[in-house]
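The structure appears below as structure tokens.
Protein chains: 2
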Amino acid sequence: MDNFKDQLEIYRNAVNDALDKAIIDNGEEAVSAMRYSIFAGGKRIRGALVLAFCALFGGKTEAALPFACAIEMIHTYSLIYDDLPCMDNDTLRRGKPTNHVVFGESTALMAGAGLYARAFEVITENSVLMDHQKLEGISVLLSASGLKGIITGQMLDLKNRPGLSENEVMRIHALKTGAMIEASAILGCIAANAGKAEKEKARKYAENIGLAFQIKDDILDVEGSVEELGKTIGKDKAEMKTTFVDILGIEKSQNQVDALSAAAKKEVADIEGSGFLCALSDYLAGRRS
Amino acid sequence: MDNFKDQLEIYRNAVNDALDKAIIDNGEEAVSAMRYSIFAGGKRIRGALVLAFCALFGGKTEAALPFACAIEMIHTYSLIYDDLPCMDNDTLRRGKPTNHVVFGESTALMAGAGLYARAFEVITENSVLMDHQKLEGISVLLSASGLKGIITGQMLDLKNRPGLSENEVMRIHALKTGAMIEASAILGCIAANAGKAEKEKARKYAENIGLAFQIKDDILDVEGSVEELGKTIGKDKAEMKTTFVDILGIEKSQNQVDALSAAAKKEVADIEGSGFLCALSDYLAGRRS
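Here it is, written out as structure tokens:
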């Protein structure tokens with residue numbers, strides 16, 4: 590586990606260094622706002638997934654880094670928009686005031702759009718990836734962030750009300766957060782030029798940890814503290830959203846998290862070098878924030 | 590000129606048909622909102638530029654159409670965001686209520702994001718364009734819509750106040766609208782696999798008509814009527830923005846429009862088949878809406 594935390598830190602630092610070079614501070618307000626949110630202390634789980642799957646299938650870190658930057662930029666863009674007054678209207682994220690609180694709504698809007706555009710630019714500009722890898726990666730990111738992913742997930746989540754079924758809640762999360770976590774794993778495979786079978790294993794692993802991650806989020810929203818989470822807690826209840834905890838209760842929810850985590854590990858356990866991904870699955874299932 | 594209007598209509602219909610197939614109405618609200626704005630009666634000047642430059646340099650329409658759809662989607666996305674309450678807070682566009690007035694702010698936000706993502710997807714999904722054409726086209730669109738284009742243009746325009754110099758106003762428009770018009774012309778060249786010299790001619794033509802277009806917009810904002818323009822007039826004055834008319838006066842502004850239009854024509858006039866592009870330049874300089 591110590592080994593795991595060291596490796597996670599190595600991945601996180603690599604992604605942060607690459608992001609720092611990809612968004613150069615030129616004093617313009619939109620760029621300051623982009624950098625504010627991208628460096629607000631994210632765990633870089635998505636970026637780490639890209640790097641870890643690339644390594645698992647024999648790829649080079651330098652091929653995975655542009656994809657890792659892109660997924661983290663798109664993730665941050667989605668959080669900035671999620672927090673806007675017309676969306677969840679949230680003022681606290683990762684323990685810091687949200688983007689529009691600091692920079693104003695119009696700058697937050699442009700910073701989000703800027704991160705989204707820059708995400709793809711980091712890929713097109715790259716000199717290590719081949720054209721077919723760039724296009725496949727861009728496609729995967731567009732699916733996860735477009736109508737087949739975040740956008741429809743956000744639209745459904747805005748209508749999330751008490752009384753939704755487990756399947757309905759699962760669909761919201763699959764679109765809103767699951768698609769991006771699956772994309773991360775697949776991007777790692779693309780960077781390593783892995784085959785179809787490898788991609789399918791990666792996708793299933795990510796599907797399982799993505800859902801586990803979301804159920805855990807719902808548990809922490811009830812059990813966690815503001816200090817640990819760095820964001821408003823009890824939010825789901827205040828917003829009258831149906832959560833997994835509402836449907837399953839805390840205990841069954843945690844059992845579900847553990848089962849999904851085990852299923853994720855099963856996908857990769859017999860591949861040499863999968864120790865990090867197995868430990869990541871355990872870590873996400875047991876996390877306190 | 591009749592010939593020109595017929596050709597413009599042919600281009601417009603081709604772009605509209607392709608857009609109709611690219612954004613399939615599936616009953617979801619975000620998609621309805623995307624279709625509402627994309628089919629709100631735009632002139633499709635940008636799409637026509639893509640098709641016209643592709644034809645000028647011997648390319649096929651089917652190669653230009655994905656780029657034409659993409660530029661129109663990104664243009665529409667920028668208009669939806671431009672009209673939002675936190676930006677220009679406009680309620681009327683092309684004679685119709687703006688997107689957020691009809692669908693609400695959160696849906697307008699997602700519809701804009703959806704159009705932006707879909708624009709690039711139409712390119713990646715295409716089976717006519719080669720990989721290098723797709724990537725070059727995507728790069729051009731990212732530049733025009735990202736920090737080197739719309740985003741910084743929007744940020745500067747939000748700070749547009751009385752007393753700006755001609756150069757400052759030119760910079761705002763070059764970024765906010767000029768970059769996308771230049772991108773349209775270059776995308777047509779990419780679709781036709783045109784060379785560097787052709788791209789540079791196309792870029793200069795577009796740079797000139799882009800600026801002419803914007804100065805004309807400022808003139809029409811003073812001289813036009815709501816009926817002709819289909820949008821709020823006198824807006825620039827009410828918002829206390831510096832316009833070309835403020836700096837140059839109406840007469841010199843129109844002279845500038847005519848000079849830019851002539852300069853644009855000069856770039857392409859001796860290329861066989863440039864009649865449409867020359868007529869387009871005249872048309873934009875003389876338009877009433």
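In order, the protein sequence lines correspond to chains V and R. The opening residue of the first sequence carries number 590 in our numbering; numbering runs sequentially from there. The opening residue of the second sequence carries number 590 in our numbering; numbering runs sequentially from there. We put the beta carbon where it would ideally sit given N, CA and C, even for glycine. Treat the numbers as computed from the prediction; the structure is a model and nothing was measured.
- Distance check between V:A780 and each of V:R683, V:D835, V:F656, V:R876 places V:F656 closest, using alpha-carbon atoms only.
- The beta carbon of V:E771 sits no closer than 7 Å to any beta carbon of chain R.
- Chain-order list of chain R residues neighbouring V:F709: F709, I727, L731, by C-beta distance under 8 Å.
- Fewer than three Cβ pairs drawn from the region 847 to 862 of chain V and the region 836 to 852 of chain R lie within less than 8 Å of each other, which leaves the two stretches out of contact.
- Ranked by Cα distance from V:G703, the options R:F646, R:T741, R:I775, R:K723 are led by R:T741.
- Within chain R, the C-beta atoms nearer than 8 Å to that of V:K723 come from L724, in chain order.
- When R:E710, R:C643, R:T696 are compared, the shortest CA-CA separation from V:Q743 is found for R:T696.
- Residues of the region 608 to 630 of chain R with a C-beta less than 8 Å from any C-beta of chain V: E617, E618, A619, V620, listed in chain order.
- For V:P751, the three-state secondary structure derived from DSSP is coil.
- A residue is called buried when at least 16 other Cβ atoms come within 10 angstroms of its Cβ; R:A848 does not meet this threshold and is exposed.
- Close to chain V, meaning a Cβ-Cβ distance shorter than 7 Å, are the following residues of the region 739 to 757 of chain R: I740, T741, Q743, M744, L747.
- Using a C-beta cut-off of 8 Å, the region 791 to 802 of chain V makes contact with the region 751 to 770 of chain V, since at least three inter-stretch Cβ pairs fall below that distance.
- For the region 681 to 704 of chain R, the beta-carbon criterion of a distance under 9 Å to any beta-carbon of chain V is satisfied by H689, G693, E694, S695, T696, A697, L698, M699, A700, G701, A702, G703.
- Against V:S716, chain R offers no close residue; the least beta-carbon distance is about 12 Å (beta-carbon pairs closer than 9 Å).
- Counting the other CB atoms within 10 Å of its CB gives R:D746 a total of 16 or more, which places it among the buried residues.
- Among the CB atoms of chain R, one or more fall inside 7 Å of the CB of V:T713.
- For R:L681, the beta-bridge partners assigned by DSSP are R:P686.
- Against chain R, the CB of V:C675 has a partner CB under 7 Å away; the residue lies at that interface.
- Annotation for V:L608: I627, C658, E661 place their beta carbon closer than 7 Å to its own, counting only its chain and skipping 5 residues before and after.
- Chain order gives the chain V residues near R:G735 as G703, A706, R707, E710, where near means a beta carbon separation below 7 Å.
- Judged by DSSP secondary structure, V:K649 falls outside any alpha helix (DSSP H); it is assigned neither H nor E.
- When secondary structure is reduced to three states using DSSP, V:F628 falls in the coil class, being assigned neither helix nor strand.
- For V:D720, the neighbours in chain R by C-beta distance under 8 Å run, in chain order, D720, H721, L724.
- DSSP, reduced to helix, strand and coil, places R:T832 outside both helices and strands of the structure shown, so it counts as coil.
- In the structure shown, V:D614 falls within a coil segment according to DSSP collapsed to helix, strand and coil.
- Pairwise C-beta distances place the region 732 to 740 of chain V in contact with the region 699 to 715 of chain R, as three or more of them are shorter than 8 Å.
- In this chain, the alpha helix (DSSP H) harbouring R:S695 covers 694 to 714.
- Looking at the backbone, the Cα of R:G616 and that of V:F593 are separated by about 46 Å.
- In the structure shown, R:K737 adopts coil according to DSSP, grouped into three states.
- Here V:V717 is exposed: its Cβ has fewer than 16 other Cβ atoms, across all protein chains shown, within 10 Å.
- With contacts defined as CB atoms closer than 7 Å, R:L731 and V:A637 fail to qualify as a contacting pair.
- Within the same chain, Cβ atoms closer than 6 Å to the Cβ of R:I836 are found at E755, the five residues on either side in sequence being excluded.
- Boundaries for R:L718: no alpha helix (DSSP H) harbours it, and the DSSP string shows neither H nor E there.
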